[in-house]
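2 protein chains.
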Amino acid sequence: MPSDAQPTSVFAKPVTLREVAADAGVSVATASKALNGQGRMTAETRERIRETAQRLGFRPNGLAQSLLRRRSFTVGLLTNDTYGRFSLPVMSGISDALVDNGVSVFLCNVEDDPRLGQLHVDAMLDKRVDGIIATGKRIDRHLPVDLSNLGIPAIYAFTQPDPGAVAFVSDDAGGARLAVEHFCRLGRRRIAHVTGPSSFAVVHERARAYRDVLTEAGMPVIEPLLGSWSEAWGRDAVGKLFDGESEKPDAVFCGNDQIARGVMDALRERGLSVPDDVGVIGFDNWEIVAEATRPPLTSVDMNLAALGREAGLTLLSLVGGKPAEPGIRKLPCRLVVRQSCGRPLDGLKQSAAPMASA
Amino acid sequence: MPSDAQPTSVFAKPVTLREVAADAGVSVATASKALNGQGRMTAETRERIRETAQRLGFRPNGLAQSLLRRRSFTVGLLTNDTYGRFSLPVMSGISDALVDNGVSVFLCNVEDDPRLGQLHVDAMLDKRVDGIIATGKRIDRHLPVDLSNLGIPAIYAFTQPDPGAVAFVSDDAGGARLAVEHFCRLGRRRIAHVTGPSSFAVVHERARAYRDVLTEAGMPVIEPLLGSWSEAWGRDAVGKLFDGESEKPDAVFCGNDQIARGVMDALRERGLSVPDDVGVIGFDNWEIVAEATRPPLTSVDMNLAALGREAGLTLLSLVGGKPAEPGIRKLPCRLVVRQSCGRPLDGLKQSAAPMASA
DNA sequence: CTCGTTTGAGAAAACCTTTTCCCAAGCTTC
DNA sequence: GAAGCTTGGGAAAAGGTTTTCTCAAACGAG
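Which chain is which? The protein sequence lines are H and E, in order. Using this note's numbering, the letters of the first sequence correspond one by one to residues 1 to 358. Using this note's numbering, the letters of the second sequence correspond one by one to residues 1001 to 1358.
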């Protein structure tokens, strides 16, 4: 004896406002107003309609609403970051910021294929997204799409923007300062920098900050070692830093967590202790890597979720008609301290004496 | 002197079919038919309308179309996989399969929060998605959402389905067989298995396959070592396997790539060579890990993109009204051979002689 | 020359909701 | 008792497209 109160059978046709109105014995106009708290009517009528809607499982058709409001409550997110290492936190931030406003996000991976990019942008335009956010895996490359004359707002997050657009990126120089200054405060005297290839803009930005901090502090600058973003390069770099005749570093600031991991592995294989002999700091705070190193890796976090949130909110206000200052906004990084950078060398070990054991 | 052919100024209101029709001097009905290749009219009329639409930059309003067709060409993807390690390949497969049909994907991270799950499901329902796909980070846990009486088709991909639903998962037992049989073919005689915690169903499934293959081959079974999914556990497990008095393994099949990495690191630290002394195979084929190990890691790939593609296509046919057999479909894994498992021991080293160096 | 058929194109309904305008009934006020 | 106001609610347009009917003109056959 099934209760027939709930008409929700599998694949039932959604119930419309018209049906609710009919059931409650009013017009669709009145029903609409009742459910939206608009118009004037007796409390009794309003309640009866509400109840009917509830009972029937009415749910307003978003497509019809969107059509009328000329607003789909939908945004598109384009990315070329296959692993989602950067995009996913950004996505998550965007989604967080928008879900409360009833806005959903289309995620589209465009690889580096302009055809695919066009395909997805067209699909978004057809679906009348309210705006588009572009994100990527590096700040200095443009996605293979043209978002400049779409008729809807576009925002760039962690990827190279069009000129005149609004963009949010991480403050890489600031992040690098955070790391190097932390080493300084901890009493490290010879700080090296191992980073990625010269073709990345952030490599130069961070290297410059590295130099600046050390120069300001009157400490020796070791020419940054440029290579690839891999563990293998991190291991190689340790050879270059520790094999020569010159004085050995007591700290290494790495361009990403994978390099840091390589550095740490190589140091251990040489019998050097991290953090006692050499402190290590990474970049990206990719937890899956940072928490697997021995000891866990101190790393610069780019606050990508916050960046995504900002981007989402800004897009929303753009959609709402409020103009936004075009240009690139750099959002601060933060240092996530774990154990690879060591604790303050207080008294115990005040002079610059790297390589205690070995 | 700007060319005034293109009316596409920034934030221009989209041009409608009505405007195209007016400009071409026909009715909207005719215009619609002309652009869709429907109806009958002179080739001249059709061409003129097409050209007008082109010139005006007309793009049919998908919302209006969806409203009429009762089909939004949109699907929702729910996941709780924060790192996207499993979800992203699935997502990519789904997207690949659907983009050609003009279908876009809403991605929603529901964490493990029922409130968030409900929120996102409601948003999808409001937006009239044609169907929903649930995916996750493990096969034996259900997402914190109820997809059973939504009135639209739901499919499960790489996550625990509702009873009676359609689901696609990886064939973990098959994947394990692939790995162990590969070791057998390569001539390894003592194959160990280091895997994750007992609370995961796949741990038992794979362990069983491991036992079965060895038993069938008349080879010794070492009781599988259950621990966590971490590198640290992989390193510990090497201690357990190689410290005792019993005969040492010459191969280790690991439950994921991180464990495999830990195993390889520990073996190297003991002076054992991979693959010469001990072969190692991982699971997941997480390239970022598998390609960073020394040497690169042979690993079982669950073909998640293909799984996503299947799920997408099946959902599409469900949406189209074709019924699908409910139940769980296991999709085959494949072995990605790199260097950690070694090459066939041909002649050179036919007897079982592990631990050559040490 | 007339009847029937084909051709080209338009009118209108449908999809579902929101909002503006309008109207009738009841009430107050003088 | 009439004029004006308030109250409760409905009719209709709007949003943009597709599709089914309908219709007039042109054409062919007898």
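We treat Cβ as the ideally placed atom computed from N, Cα and C, and that holds for glycine. All values derive from a computational prediction rather than experimental measurement.
First and last residue of the uninterrupted alpha helix (DSSP H) at Phe158 of chain H
In the first sequence, the residue the question calls residue 158 of chain H occupies position 158. Note, Phe158 of chain H: premise wrong, no alpha helix (DSSP H); not H, not E.
Practice item. Tell whether a beta-carbon distance below 7 angstroms holds between Leu1088 of chain E and Gly84 of chain H. Key: For this step, residue 1088 of chain E is matched to residue 88 along the second sequence. For this step, residue 84 of chain H is matched to residue 84 along the first sequence. Yes, the Cβ-Cβ distance between Leu1088 of chain E and Gly84 of chain H is below 7 angstroms.
- prompt: Which class does Phe1301 of chain E belong to by DSSP, given the choice of helix, strand or coil?
  reply: Position 301 of the second sequence, counted from the start, is the residue given in the question as residue 1301 of chain E. Correcting the residue type first, residue 1301 of chain E is Asp in the shown sequence and not Phe. Residue state, collapsed to three classes: strand.
Worksheet item: Going along the chain, which residues of its own chain have a beta-carbon closer than 7 angstroms to the beta-carbon of Lys1349 of chain E, five neighbours each way excluded?
Response: Your numbering for residue 1349 of chain E matches position 349 in the second sequence. With a pLDDT of 43 at Lys1349 of chain E, under the threshold of 50, the modelled position of that residue is not reliable, and the figure given next carries that caveat. Answer for Lys1349 of chain E: no residue qualifies.
How close, in whole Å, do the beta carbons of Asn1285 of chain E and Val1300 of chain E come, if the pair is a contact with beta carbons under 8 angstroms? Your numbering for residue 1285 of chain E matches position 285 in the second sequence. Your numbering for residue 1300 of chain E matches position 300 in the second sequence. The pair is a contact, with the Cβ atoms about 6 angstroms apart (cut-off 8 angstroms).
**Report entry** Secondary structure of Ser1009 of chain E, DSSP reduced to three states
**Finding:** Working through the second sequence from its first residue, we reach residue 1009 of chain E at position 9. Here Ser1009 of chain E scores only 42 on pLDDT, less than 50, and its place in the model is too uncertain to base an answer on.
For this session: Would you tell me roughly how many angstroms separate the C-alpha atoms of Val1129 of chain E and Lys127 of chain H, rounded to the nearest one?
Result: As a first step, residue 1129 of chain E is located in the second sequence; it is residue number 129 there, counting from the start. As a first step, residue 127 of chain H is located in the first sequence; it is residue number 127 there, counting from the start. Roughly 12 angstroms between the two C-alpha positions.
Pull up the distance between the alpha-carbon of Glu310 of chain H and that of Asn1256 of chain E, whole angstroms please. As a first step, residue 310 of chain H must be located in the first sequence, where it is residue number 310. As a first step, residue 1256 of chain E must be located in the second sequence, where it is residue number 256. Those two C-alpha atoms are separated by around 36 angstroms.
For this session: Starting from the Cα of Ala207 of chain H, find the closest Cα among H:Trp233, H:Gly164, H:Val252, H:Ala167 and give me that residue.
Result: Residue 207 of chain H sits at position 207 when you count from the first residue of the first sequence. The candidate whose alpha carbon is nearest that of Ala207 of chain H is H:Val252.
task: Spell out whether any CB of chain H is found under 7 angstroms from the CB atom of Leu1062 of chain E.
output: One-based indexing of the second sequence puts residue 1062 of chain E at position 62. A small fix is needed here, since residue 1062 of chain E is Gly in this sequence, not Leu. By this cut-off, Gly1062 of chain E is an interface position.
What did DSSP end up calling Thr79 of chain H once you bin it into helix, strand or coil? On the first sequence, residue 79 of chain H is found 79 positions in, with the first residue counted as 1. Of the three classes helix, strand and coil, the one that applies to Thr79 of chain H here is strand, per DSSP.
Q | Endpoints, alpha helix (DSSP H) assigned at Ala1173 of chain E | A | Position 173 of the second sequence, counted from the start, is the residue given in the question as residue 1173 of chain E. Its alpha helix (DSSP H) spans residues 1172-1186.
task = Would you mind reading off the limits of the alpha helix (DSSP H) that contains Ser104 of chain H?
result = Position 104 of the first sequence, counting from 1, holds the residue named residue 104 of chain H. First-last for Ser104 of chain H: 104-109, but that is the beta strand (DSSP E), not the alpha helix (DSSP H).
(message) Excluding the 5 residues flanking Ala260 of chain H on each side, which residues of the same chain have their C-beta closer than 6 angstroms to its C-beta?
(response) Residue 260 of chain H sits at position 260 when you count from the first residue of the first sequence. If we look at Ala260 of chain H and ignore the five residues flanking it on each side, its Cβ neighbours are Cys254, Val280, Gly282, Leu297.
**Report entry** Asp1265 of chain E versus Ala1290 of chain E: straight-line alpha-carbon distance, rounded
**Finding:** Counting from 1 along the second sequence, the entry for residue 1265 of chain E is found at position 265. Counting from 1 along the second sequence, the entry for residue 1290 of chain E is found at position 290. Computed Cα separation, rounded: 13 angstroms.
> If you measure from the beta carbon of Leu1068 of chain E to each beta carbon in chain H, is any gap under 7 angstroms?
Replying inline: As a position in the second sequence, residue 1068 of chain E is number 68, starting the count at 1. Chain H contact via Cβ: absent.
Problem - Euclidean distance between Cα positions of Cys341 of chain H and Gly1244 of chain E - result: Numbered from 1 along the first sequence, position 341 holds the residue referred to as residue 341 of chain H. Numbered from 1 along the second sequence, position 244 holds the residue referred to as residue 1244 of chain E. About 36 angstroms.
Under 7 angstroms between C-beta atoms of Lys1033 of chain E and Gly1039 of chain E: Translated into positions along the second sequence, residue 1033 of chain E becomes position 33. Translated into positions along the second sequence, residue 1039 of chain E becomes position 39. In this structure, Gly1039 of chain E lies closer than 7 angstroms to Lys1033 of chain E by Cβ.
Report task. Grab me the residues of Leu315 of chain H's own chain with a C-beta within less than 7 angstroms of its C-beta, minus the 5 sequence neighbours each way, in chain order. Result -> The residue labelled residue 315 of chain H in the question sits at position 315 within the first sequence. Result list for Leu315 of chain H: Val75, Gly131, Ile133, Pro153, Ile155, in chain order.
- request: Could you give the DSSP three-state label for Thr195 of chain H: helix, strand or coil?
  value: On the first sequence, position 195 is the one that residue 195 of chain H refers to. Correct three-state label for Thr195 of chain H: strand.
Does any C-beta atom of chain E lie closer than 7 angstroms to the C-beta of Gly131 of chain H? The count along the first sequence starts at 1 and reaches residue 131 of chain H at position 131. It does not; no Cβ of chain E falls within 7 angstroms.
Neighbourhood of Arg48 of chain H by C-beta distance below 6 angstroms, restricted to the same chain and skipping five residues each side: Numbered from its first residue, the first sequence carries residue 48 of chain H at position 48. Taken in chain order, the residues that qualify are Ala24.
| field | Beta-carbon proximity check, Ser92 of chain H vs Asn1109 of chain E, cutoff 7 angstroms | value | Looking up residue 92 of chain H in the first sequence gives position 92. Looking up residue 1109 of chain E in the second sequence gives position 109. In this structure, Asn1109 of chain E lies closer than 7 angstroms to Ser92 of chain H by Cβ.
How would you call Gly1196 of chain E, buried or exposed, if buried means at least 16 neighbouring beta carbons within 10 angstroms?
Numbered from 1 along the second sequence, position 196 holds the residue referred to as residue 1196 of chain E. Per the 10 Å Cβ criterion, buried.
Item checked: Min CB distance Trp1322 of chain E to chain H below 7 angstroms -> The residue labelled residue 1322 of chain E in the question sits at position 322 within the second sequence. Here the sequence assigns Lys to residue 1322 of chain E, which means Trp is not the residue at that position. So no, Lys1322 of chain E is outside the interface.
Name, please, each residue of chain E whose Cβ falls closer than 7 angstroms to the Cβ of Leu119 of chain H.
For the purposes of this step, residue 119 of chain H is taken as residue 119 along the first sequence, with counting starting at 1. Val1099, listed in chain order.
#### Entry: Arg1141 of chain E versus E:Ser1246, E:Leu1150, E:Pro1161, residue with shortest Cα-Cα distance
Taking the second sequence and counting its residues from 1, one reaches residue 1141 of chain E at position 141. With distances taken between Cα atoms, Arg1141 of chain E lies closest to E:Pro1161.
- request: Using alpha carbons as the reference points, say which of E:Thr1052, E:Ala1053, E:Thr1030 lies closest to Thr1042 of chain E.
  value: Within the second sequence, the letter at position 42 stands for residue 1042 of chain E. Among E:Thr1052, E:Ala1053, E:Thr1030, the Cα nearest to that of Thr1042 of chain E is on E:Thr1030.
>> Rounded to whole angstroms, what is the Cα-Cα separation between Ser170 of chain H and Gly136 of chain H?
In response: In the first sequence, counting from the first residue as 1, residue 170 of chain H sits at position 170. In the first sequence, counting from the first residue as 1, residue 136 of chain H sits at position 136. Each residue's Cα considered, the two are about 12 angstroms apart.
How many whole angstroms separate the CB atoms of Leu226 of chain H and Val202 of chain H, which I take to be in contact at a CB cut-off of 8 angstroms?
Within the first sequence, the letter at position 226 stands for residue 226 of chain H. Within the first sequence, the letter at position 202 stands for residue 202 of chain H. That pair is no contact at about 12 angstroms.
- Query: Would you say Leu267 of chain H and Val238 of chain H are within 7 angstroms of each other, going by their C-beta atoms?
  - Reply: Mapped onto the first sequence, residue 267 of chain H falls at position 267. Mapped onto the first sequence, residue 238 of chain H falls at position 238. Yes, they are a contact pair.
*As assigned by DSSP and simplified to three states, the class of Val1336 of chain E*: Taking the second sequence and counting its residues from 1, the one referred to as residue 1336 of chain E is at position 336. Three-state DSSP puts Val1336 of chain E in a strand.
Over what stretch of residues does the beta strand (DSSP E) that includes Ile1152 of chain E continue unbroken?
One-based indexing of the second sequence puts residue 1152 of chain E at position 152. From DSSP, Ile1152 of chain E is part of no beta strand (DSSP E); its letter is neither H nor E.
Exercise for review: Would you kindly work out how many angstroms separate the C-alpha atoms of Leu1119 of chain E and Ala176 of chain H, rounded to a whole number?
Suggested key: Locating residue 1119 of chain E in the second sequence gives position 119, counting from the first residue. Locating residue 176 of chain H in the first sequence gives position 176, counting from the first residue. Leu1119 of chain E and Ala176 of chain H: Cα-Cα distance of roughly 39 angstroms.
Margin query: So the candidates are H:Asp212, H:Arg270, H:Pro323, H:Gln339; which of them puts its Cα closest to the Cα of Lys240 of chain H?
Written below: To locate residue 240 of chain H, count along the first sequence from 1; it is residue 240. Checking every option, the nearest Cα to that of Lys240 of chain H belongs to H:Arg270.
From this set, H:Pro326, H:Leu331, H:Arg343, H:Val336, which residue's C-alpha is nearest Gly164 of chain H's C-alpha?
Looking up residue 164 of chain H in the first sequence gives position 164. The residue with the shortest Cα to Cα distance from Gly164 of chain H is H:Pro326.
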